[in-house]
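Engineer: Last residue of the sequence shown? That's 1203 in the working numbering, and every number before it is there in order.
No residue lacks a Cβ here, since even glycine has one placed at the ideal position from N, Cα and C.
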Amino acid sequence: MADALSAPEVETPDVSDSPFCRAMGLIAGGLAVTGVTLNFWNLDVLLPLVGTLCLLVGFRALRRVNGFLRAGYVCACLHMLLLFVELGQDAVIYRADTGLAAFFTVVAAAVQLVLLFCLWQGLLDMQRDAGITPPAAPAAGALLLWYILLYVAAALFASLSLLLGAYLVWYFYLVVRLKKLSKSMAAQGCAIKPIKERFSNHKLVGSLLTVLAVVIACGFLFFGSYRMDWTPKEASTDAQVIEAHERLLALGYPESELNDLSDEDLLTCLRAERVVIKECTGSAYINYSNKPQTNDAFHLTIVAVQRPFDRLFVACHFRWDDGVRFCGTESLAFEPHHDNSRWFAKEFSGRVLYDGPDGATYTAPYIDPGTEQASLSNWYENCFKQIYCADASFPNDGTNQRGYVACALSNNIDEFTKFEGLFYYVHQNGRFQYPVKTARDYQDFNVNRPLLYNAPFERVQDYFVLFQNEDGVLNIH
């Protein structure tokens, strides 16, 4: 008894720095980091990138142990490839269609599940080879179950808001248990032989990050603006177009704006009876930092044309002063409605123009024009309105960048007391942002407010009101 009490305790070997524990530490850390989503300081991009690199390096060290861990390494490579595709796409303004995006989401989820299954079975095989009986890796199996439940809940559109805290605690508990499992396995004889790689992990990670940086830089330089179909503007020789042009000019339509109208819009106003104008130079704008200001470089001219049978043609002409830099995309939104808020503007038209260095005027149609439903909801009411939106990009080697959007109203003037029009224009004033957003993305009135700070966009906005006075004469305010 005395000898037993005086005998020194058997020291547990420190295996935390063994190659196997280091590899499992990287895998556990990668799983922990990729399981977190934080939408600030670009952590929603950095954390998945760091976590995926940790998974890749961790599985790389284990790939020669058995077939399951080798398959796990292949899954880690696929996971990295899918992430690079996603990060590369976030560096351009073009987005995959809904079907393709859904396909990539399903593939990424399948790769994640297969990776966890291979990790689970690979650890069990390692225990069998080391003579550990019965083999068990409950933490790895539970992580697989965790992701299966998560994807099933997402597929069923289940609300997990009440269980979110417990769900996250369970996840990180399993990651910690996985780390402890690796130490227990190493203490019982599970080990890997350190192999000197021809291409070190530092070189591998550095090369991957270099490739990613080049892809993102190419996205910034070559895919940050729309490819506009610019063509030289030609003077019309059609007699009716010339007649409509002269008639509108005589009624007071500003000549510079009138020259921008297409032949089709001129023909719409062939029998014009009256023209009213509102100049909106120095429109109010917000640079998404809640500081209303004015922008004297932006000029907006509203022109309403009264046609036969008291029908209206309304055009919003905008123009930028020389010296304004165009860094990517532009987007305009036009909301016409009358006093009972019924949508009745059906025919829209418009185009963008600029003067080239050769002295010629170039014109192009808008990108993705059309009406869409915008949410103007706030804390006390939900409101949805139909808004006409269109996008464009301007070259910096030109001058007098401008454009217009017009609508022909289907109702006549007698059917409303007043007609209101709201005009919004989002201008990109900086090139570098990540993930890359377009000006159309910032037309959303309910865009996530934290994302607006330091955003390279500003919104110019103005309004007008058309009404009839007591004598039935059309006026604009």
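1. Counting along the chain, where does the beta strand (DSSP E) carrying glutamate 1005 start and finish?
2. Considering only residues of the stretch 817 to 887, which uninterrupted beta strand (DSSP E) runs meet the minimum length of 3 residues and lie entirely inside it, listed in chain order?
3. Assign phenylalanine 1052 to one of two classes, buried (16 or more other C-beta atoms within 10 Å of its C-beta) or exposed (fewer than that).
4. On the DSSP bridge list, what partners appear for threonine 1087?
5. Determine the extent of the alpha helix (DSSP H) in which histidine 805 is found, giving its start and end residues.
6. Bridge partners for histidine 1063 per DSSP, in chain order?
7. Compute the distance between the beta-carbons of leucine 900 and alanine 943, then report whether it is under 8 Å.
8. Rounded to the nearest angstrom, what separates cysteine 1133 and phenylalanine 946 at their Cα positions?
9. Anyone know if the C-beta pair for methionine 954 and serine 744 falls short of 8 Å?
10. With DSSP run on the structure shown, which of helix, strand or coil describes valine 1162?
11. Taking 8 Å as the threshold (C-beta atoms), are tyrosine 897 and alanine 835 in contact?
12. Could you give the C-beta distance for alanine 1041 and tyrosine 1130, rounded to a whole number, given that I count them as a contact under 8 Å?
13. Classify glutamine 914 as buried or exposed, calling it buried when 16 or more other Cβ atoms lie within 10 Å of its own Cβ.
14. On the DSSP letters alone, give me the boundaries of the beta strand (DSSP E) that asparagine 1033 sits inside.
15. To the nearest angstrom, report how far apart phenylalanine 1024 and histidine 1153 are at their CA atoms.
16. Just curious, the alpha helix (DSSP H) that valine 771 is in, first and last residue?
17. In the DSSP assignment, find the unbroken beta strand (DSSP E) run with asparagine 1201 in it and report its ends.
18. Among Phe1074, Glu999, Arg973 and Thr1125, which one has its Cα closest to the Cα of valine 1048?
19. Please report the straight-line C-alpha distance between valine 771 and lysine 906, rounded to a whole angstrom.
20. Consider the Cβ of histidine 1153: report whether some Cβ of chain C lies at a distance smaller than 8 Å.
21. Alpha carbon to alpha carbon, how far is phenylalanine 925 from tyrosine 1080?
22. What does a CB cutoff of less than 8 Å around glycine 857 pick up in its chain, not counting 5 residues either side in sequence?
Structural biologist: In this structure, then:
1. Taking the sequence shown and counting its residues from 1, one reaches residue 1005 at position 279. Taken as a continuous stretch (DSSP letters only), the beta strand (DSSP E) holding glutamate 1005 covers 1000 to 1005.
2. The beta strand (DSSP E) runs of length 3 or more contained entirely in the stretch 817 to 887 do not exist; there are none.
3. Counted from its first residue, the sequence shown places residue 1052 at position 326. Answer is buried; the Cβ neighbour count reaches 16.
4. As a working note, residue 1087 is residue 361 in the sequence shown. Beta-bridge pairing links threonine 1087 to Asp1081.
5. To locate residue 805, count along the sequence shown from 1; it is residue 79. Unbroken alpha helix (DSSP H) run through histidine 805: 793 to 815.
6. Translated into positions along the sequence shown, residue 1063 becomes position 337. Glu1146, per the DSSP bridge assignment.
7. Position 174 of the sequence shown holds residue 900. Position 217 of the sequence shown holds residue 943. No, they are not a contact pair.
8. As a working mapping, residue 1133 is identified with position 407 in the sequence shown. As a working mapping, residue 946 is identified with position 220 in the sequence shown. Using only the alpha carbons, I get a separation of about 35 Å.
9. For the purposes of this step, residue 954 is taken as the residue at position 228 of the sequence shown. For the purposes of this step, residue 744 is taken as the residue at position 18 of the sequence shown. Between methionine 954 and serine 744, the CB-CB gap reaches or exceeds 8 Å.
10. For the purposes of this step, residue 1162 is taken as residue 436 along the sequence shown, with counting starting at 1. Three-state DSSP puts valine 1162 in coil, outside helix and strand.
11. Translated into positions along the sequence shown, residue 835 becomes position 109. Translated into positions along the sequence shown, residue 897 becomes position 171. No; because the gap between Cβ atoms is not below 8 Å, this pair is not in contact.
12. Here residue 1041 corresponds to residue number 315 of the sequence shown, with the count starting at 1. Here residue 1130 corresponds to residue number 404 of the sequence shown, with the count starting at 1. That belief holds up - the Cβ atoms of alanine 1041 and tyrosine 1130 are roughly 5 Å apart, short of 8 Å.
13. In the sequence shown, residue 914 corresponds to position 188, counting from 1. Exposed is the call here.
14. Locating residue 1033 in the sequence shown gives position 307, counting from the first residue. Inspection of the sequence shows that residue 1033 is occupied by arginine rather than by asparagine. Arginine 1033 -> beta strand (DSSP E) spans 1024 to 1033.
15. The residue labelled residue 1024 in the question sits at position 298 within the sequence shown. The residue labelled residue 1153 in the question sits at position 427 within the sequence shown. When rounded, the distance between both Cα atoms is 10 Å.
16. Along the sequence shown, read from residue 1 onward, the residue named residue 771 stands at position 45. Per DSSP, valine 771 belongs to the alpha helix (DSSP H) from 769 to 788.
17. Residue 1201 sits at position 475 when you count from the first residue of the sequence shown. Where asparagine 1201 is concerned, the enclosing beta strand (DSSP E) stretches over 1200 to 1202.
18. One-based indexing of the sequence shown puts residue 1048 at position 322. Note that residue 1048 corresponds to aspartate in the displayed sequence, not to valine. Aspartate 1048 has its Cα closest to that of Thr1125, out of Phe1074, Glu999, Arg973 and Thr1125.
19. In the sequence shown, counting from the first residue as 1, residue 771 sits at position 45. In the sequence shown, counting from the first residue as 1, residue 906 sits at position 180. Going from the Cα of valine 771 to the Cα of lysine 906 covers about 28 Å.
20. Annotation note: the requested chain C is absent from the structure, which comprises a single protein chain.
21. Taking the sequence shown and counting its residues from 1, the one referred to as residue 925 is at position 199. Taking the sequence shown and counting its residues from 1, the one referred to as residue 1080 is at position 354. When rounded, the distance between both Cα atoms is 53 Å.
22. Counted from its first residue, the sequence shown places residue 857 at position 131. Answer for glycine 857: Gly915, listed in chain order.
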